[in-house]
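Engineer: Mind looking over this structure? Questions follow.
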Amino acid sequence: MAKSKIIKANEKIAEKVVGTFEKIEDSVVGGYTKIEDAFVDRYLTKDDETIEEAKARLRKEKA
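When the letters of the sequence shown are read in order and numbered with my numbering, they come out as residues 2 to 64.
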């Protein structure tokens with residue numbers, strides 16, 4: 002069966018909406034990650050400890 006023009010148009014719109022949402026989501030999550038890393042680096046790292054090591058240590062202390 003051939004798809005109508007309306008169905009094809011709706012599919013294109015849906016693809017664009019989903020793509021835009023994914024871009025926004027990536028931006029928000031990326032921004033949150035940068036803020037988290039900056040906070041950990043500034044306030045929670047100890048003597049020459051990397052951000053990843055500090056996060057691992059904090060997770061271990063929490064458990």
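Glycine is no exception: its CB is placed at the ideal position from the N, C-alpha and C atoms.
Here the structure is a predicted model, which means the values were calculated and not measured.
By the three-class DSSP mapping on this structure, what secondary structure does Lys111 have?
Structural biologist: Only positions 2 to 64 of the chain appear in this structure, which leaves residue 111 out of reach.
Engineer: For the alpha helix (DSSP H) that Lys13 lies in, which residues bound it at each end?
Structural biologist: What you label residue 13 is simply residue 12 of the sequence shown in a count that begins at 1. Its alpha helix (DSSP H) spans residues 6-40.
Engineer: Classify Glu54 as helix, strand or coil using the three-state DSSP reduction.
Structural biologist: Walking along the sequence shown from the start, residue 54 turns up at place 53. Residue state, collapsed to three classes: helix.
Engineer: Does any residue of chain D have a CB that is nearer than 8 Å to the CB of Ala39?
Structural biologist: The structure shown has no chain D; it contains just one protein chain.
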